[in-house]
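Before any comments, here is the structure.
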Amino acid sequence: IKITLSGITACAEGFMLVQTSTGERRILEYHNTVRSQGIAMPIVRGMAHDVTERKRAEQAIHHSELQFRLVWENNADGLRLINGQGIVLMTNDAFCRMVGMQSKEIEGKPFSVIYDVGLQERVLAKHQERFASRTVIPHLEREFLLWNGKKIWLEAKNSFFEVAGQAPLLLSIFRDITEGKRADELLHRQSEALEETNRHLLGSKSIAEQQTELLRIQAEELIAAREVAIEASRLKSEFLANMSHEIRTPM
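Per our numbering, the very first residue in the sequence shown carries number 13; after that it's consecutive.
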């Protein structure tokens with residue numbers, strides 16, 4: 013309720029909750045004036061109009077804003093809202109933690125401030141070009157070189173946020189996948205090392221098989237030579253026996 017006095021004229025305005033004959037509650041906005049100058053009895057003039065739907069809409073918008081803020085601030089993924097010039101309008105705590113900066117160091121500034129200083133100008137120009145042509149990559153995984161020299165892998169999902177009568181914005185959702193990428197790299201190195209070990213083992217197996225085959229041939233040759241030597245020894249013994257017999261029994 014707002015009350016103002018001007019001379020001997022009083023005004024009152026505000027909102028009031030009324031109940032209709034059907035039991036429905038409605039919100040009325042009223043404006044009353046009281047005038048007593050030059051008259052015997054004060055005159056009260058009042059106007060009121062139903063603002064129930066407007067108030068409900070305002071309450072719904074306020075509730076939605078609270079829900080949006082709650083989701084935005086407590087999201088585990090990094091969230092960032094920027095315009096076509098690349099100026100950061102909003103970030104959440106998760107995004108700030110990812111890039112190692114505070115929101116006051118990011119919001120209101122070009123989004124490229126999170127990058128290495130040598131990349132900032134090129135990154136910002138590329139964004140402005142893609143934003144204008146609506147060719148922003150909707151999903152990507154990329155290694156980022158940050159302002160402090162740290163490298164992190166981020167998965168990013170981008171989508172345009174457009175409201176009638178307002179300039180379009182770009183909403184980006186980031187997820188830190190650094191540990192996953194490092195695990196993939198380690199797994200890849202281990203896989204390559206395993207393949208190299210297998211190649212060596214296969215090579216060693218081939219050499220071992222060749223040596224085994226050579227030993228088998230040599231063994232067979234030795235056995236054959238032994239059999240030949242035994243046969244030669246038997247023939248020699250028979251020959252000597254026959255010669256001895258001939259000598260003992262001359263014709």
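We treat Cβ as the ideally placed atom computed from N, Cα and C, and that holds for glycine.
Computed from a predicted model, the values in this text were never measured in an experiment.
- Taking a contact to require three or more Cβ pairs closer than 8 Å, the stretch 92 to 105 and the stretch 181 to 196 qualify as touching.
- Cβ atoms of Val46 and Val56 come within 8 Å of each other, at about 5 Å.
- Counting along the chain, no alpha helix (DSSP H) covers Lys121, and no H or E run does either.
- Remark: C-beta atoms of Ile126 and Val111 approach each other more closely than 8 Å.
- Counting only residues of its own chain and dropping the five nearest sequence neighbours on each side, Thr190 has a CB closer than 6 Å to the CB of Ile164 and Trp165.
- Counting along the chain, the unbroken beta strand (DSSP E) around Ser171 starts and ends at Lys163 to Phe173.
- By the C-beta density criterion, Thr103 is buried, having at least 16 other C-beta atoms within 10 angstroms.
- Exposure of Gly120 is indicated by the presence of fewer than 16 other C-beta atoms within 10 angstroms of its C-beta.
- The Cβ atoms of Leu131 and Leu101 do not sit closer than 8 Å to each other.
- Your pair Ala106 and Asp89 checks out as a contact, with CB atoms roughly 6 Å apart and the cut at 8 Å.
- Here Ala195 is exposed. Its C-beta has fewer than 16 other C-beta atoms within 10 Å.
- Per DSSP, Met59 lies in no alpha helix (DSSP H) segment; the continuous beta strand (DSSP E) that holds it begins and ends at Ile55 to Asp62.
- By the neighbour-count definition (other C-beta atoms within 10 Å, threshold 16), Phe27 is an exposed residue.
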